[in-house]
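In this note's numbering, the protein residues as written are 1 to 515.
Using N, Cα and C, we set each Cβ at its ideal position, and we do this for glycine too.
This report refers to the structure that appears directly beneath it.
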């Protein structure tokens with residue numbers, strides 16, 4: 001904005017008793033023409049004396065209020081005698097140099113040139129009279145922008161990428177035009193990607209934020225760091241300003257917190273005497289990154305059947321998790337638990353945590369079967385040979401609606417393959433009879449035979465069926481009635497739980513009820 005200069009001349013009107021307001025300013029000059037906050041300003045002028053008599057002991061001072069003159073006081077001019085008309089200083093002009101503070105708001109400001117002097121009146125007696133003239137000088141000051149910078153980050157990741165919010169604030173009194181931020185690196189913070197961030201025009205009193213990405217040193221600690229940024233913008237009169245700003249960033253390394261807990265299980269319930277696959281969720285519920293997470297599983301009342309029981313995760317961000325699967329076996333219903341020995345470092349490797357986390361599971365009572373038999377013989381071509389077996393519930397829960405089916409491979413063929421038992425209490429046994437035949441062209445040898453058990457339990461859901469399998473081998477050879485080829489039983493039990501559906505065998509035969 002162009003300089004506006006106003007010079008006011010206050011000229012005394014009467015001189016009978018005094019010469020008040022006899023002086024005025026002429027030929028006023030303010031340099032530079034456009035006054036900008038933060039500059040030095042030179043004021044020059046001449047004085048016009050309109051009084052008819054000589055003025056003596058003239059004391060000329062420049063006065064004003066804050067912020068201009070109080071910031072840089074001006075000196076006084078002492079003149080012994082001043083006649084009527086235009087009067088100049090030592091170099092024909094009176095000259096004052098002032099400094100306008102950089103934080104001066106835009107607007108008009110007034111300085112007063114105040115002159116005190118004496119005059120002598122004539123009459124019956126001569127009298128000395130003291131008088132005064134006040135001469136105001138007004139000019140416009142253009143305020144300048146003042147750009148500051150703040151930095152903030154929700155999480156600082158040592159040895160990784162950190163997102164920093166940079167907020168540019170114009171606390172000055174002029175617009176910062178075409179503001180651009182150039183990211184400068186330090187040993188702790190090195191910019192990644194584009195180093196120039198364009199803000200645009202930042203008006204007085206406004207702010208604008210942008211995101212910067214830095215690679216953070218792995219050895220960074222809790223402290224306040226200063227991130228240098230070169231700010232470039234246009235100020236008053238299109239003046240180019242380059243200013244290095246140091247944005248302070250308080251770094252607090254957040255602490256991780258690793259927990260281990262079960263998630264999905266197959267089957268849904270763990271029963272005493274059987275196996276279960278458990279998904280273990282290793283989760284960071286803390287606020288900082290966890291490094292070198294190690295989980296070593298130990299078994300309490302449970303048996304760990306997985307070949308892999310140690311897990312390593314290089315890094316877990318806050319809120320993230322990984323799931324690992326293990327197989328456990330429950331021998332009883334008392335105090336079932338796994339122990340997860342867990343250790344990890346904070347993100348800057350400054351702290352190390354090691355703790356034991358119990359993984360508590362619920363084990364339900366269950367029926368458990370073993371099957372035994374006497375000596376039976378099977379020769380090639382034999383038909384409808386009865387196979388009498390004994391099933392014993394060695395578990396801790398009643399088995400109801402027990403259905404046992406036999407399955408064989410060639411040359412052995414089931415004739416009556418399914419047996420039904422209403423109920424078997426823990427510790428009780430029941431006898432079962434199946435009929436099988438052997439193909440006359442079958443080759444002598446040992447062949448696998450599998451028994452499938454299916455039942456319900458009082459502690460299960462209404463439509464929940466339990467199933468297991470018992471495997472053994474039968475030898476086919478010799479002649480019927482010989483005692484050299486007994487059926488040998490070997491029991492291996494595996495549980496599969498089926499919800500809301502009946503267990504379907506490969507071959508279905510009429511059910512024979514036990515007596």
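Selected residue, minimal CA-CA separation from residue 403, among 395, 454 and 359:
454
What would DSSP say about residue 238, mapped onto helix, strand or coil?
helix
Any idea what DSSP makes of residue 59, helix, strand or coil?
strand
By the three-class DSSP mapping on this structure, what secondary structure does residue 97 have?
strand
Between the beta-carbon of residue 178 and the beta-carbon of residue 217, is there less than 8 Å?
no
What is the DSSP secondary structure of residue 156, counted as helix, strand or coil?
coil
Beta-carbon proximity list for residue 128, same chain, < 7 Å, skipping 5 on both sides:
118 and 120
DSSP state of residue 136, grouped into three classes?
strand
Looking only at its own chain, which residues have a Cβ that is under 7 Å from the Cβ of residue 27, when we skip the five neighbours before and after it?
45 and 46
Give the list of continuous alpha helix (DSSP H) stretches no shorter than 4 residues that lie fully inside the region 212-298.
none
Is it buried or exposed, residue 456, if we count other Cβ atoms within 10 angstroms and call 16 or more buried?
buried
Of the residues 19, 168, 252 and 75, the one placed nearest residue 208, counting alpha carbons only:
168
Based on the DSSP secondary-structure assignment, which residues constitute the bridge partners of residue 116?
59 and 132
Under the three-state DSSP convention, the category residue 49 falls into
strand
Span separating the alpha-carbon of residue 358 from that of residue 283:
15 Å
8 Å contact criterion, which residue 170 and residue 149 should meet: CB distance rounded
Contact doesn't hold; Cβ gap of about 11 Å is too wide.
Would you report the Cα separation of residue 97 and residue 252, rounded to the nearest angstrom?
51 Å
Spatial distance of residue 139 from residue 247 (CA atoms):
36 Å
Short of 7 Å in beta carbon distance, which residues of its chain neighbour residue 198, apart from the five on each side in sequence? Order them along the chain.
180
Please report how far the alpha carbon of residue 211 lies from the alpha carbon of residue 257, in whole angstroms.
28 Å
CB-CB under 7 Å to residue 86, same chain, minus the five flanking residues each way: which ones, in chain order?
26, 46 and 48
Looking only at its chain, what residues have a beta carbon closer than 7 Å to the beta carbon of residue 489, apart from the 5 residues adjacent to it on each side?
Legend: pLDDT at residue 489 = 39, less than 50; position of this residue unreliable, value from coordinates given subsequently. Once the five neighbours on either side are set aside, the close Cβ partners of residue 489 are 371, 372, 373 and 472.
Nearest candidate by alpha-carbon position, reference residue 151, set 194, 221, 193 and 229:
229
Would residue 363 pass as a contact of residue 271 if the rule is Cβ separation under 8 Å?
yes
Within the continuous beta strand (DSSP E) that includes residue 438, where are the two ends?
429-438
In angstroms, rounded to a whole number, what distance separates the CA positions of residue 114 and residue 100?
20 Å
Reference residue 58; option with closest CA among 77, 343 and 416:
77
Continuous beta strand (DSSP E) stretch holding residue 470: start and end:
464-476
Per DSSP, what are the beta-bridge partners of residue 84 in this structure?
Its beta-bridge partners do not exist; DSSP assigns none.
Would you mind sorting residue 20 into buried or exposed? The rule is 16 or more other CB atoms within 10 Å of its CB.
buried
So residue 324 packs on residue 361, CB below 8 Å; how close in whole Å?
Rounded, the Cβ-Cβ distance is 16 Å, inconsistent with contact.
By a C-beta neighbour count over all protein chains shown, 10 Å radius and 16 as the cutoff for buried, is residue 214 buried or exposed?
buried
Helix, strand or coil: which one does DSSP assign to residue 383?
coil
Would you identify the three-state DSSP class for residue 479, choosing helix, strand or coil?
Annotation note: pLDDT 49 at residue 479 (below 50); position unreliable, no value reported.
So residue 39 is in the beta strand (DSSP E); what residue range does that whole segment cover?
Careful: residue 39 lies outside any beta strand (DSSP E) and carries neither H nor E.
Short check: CB of residue 102 to CB of residue 41, under 8 Å?
no
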